[in-house]
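Undergrad:
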Amino acid sequence: MYSKDVENSDLKKTRQSVIEELEAINWYETRIEEAEDEELKKILEHNRDEEKEHVAMLLKWLRNNDSEQDKKFEEHD
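Each position in the sequence shown, counted from 1, maps to that position plus 5 in our numbering.
1. Note the first and the last residue of the continuous alpha helix (DSSP H) segment covering Asp15.
2. Do Leu63 and Glu12 come within 8 angstroms of each other at the CB atom, strictly closer than that value?
3. Could you check where the alpha helix (DSSP H) with His51 kicks off and where it finishes?
4. At a cut of 8 angstroms, does the stretch 19 to 39 reach the stretch 50 to 62 through at least three beta carbon pairs?
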């Protein structure tokens, strides 16, 4: 089920990190909506997009190290 080199605690850390990155995206979205200054909005949009990249990186790692999770992604792709 799991890659032999990955401990269950690493999978838990990764899943929690995904949750936190998604929460950060939502926080940035709220800040972008509330910001009045266009320069600030651009900075916040950049920061939000960085969080999206982090989610992608974490999900890729998760798929590579949890074959059952990867299988579920494949089923719903």
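Backbone N, C-alpha and C define an ideal beta-carbon position, used for all residues, glycine too. The model shown is predicted, which means the values in this text are computed figures rather than measured ones.
TA: Per the coordinate set shown:
1. Element bounds for Asp15: Asn13 to Glu39.
2. no
3. Where His51 is concerned, the enclosing alpha helix (DSSP H) stretches over Glu43 to Asn70.
4. Flag = yes, the stretch 19 to 39 and the stretch 50 to 62 touch.
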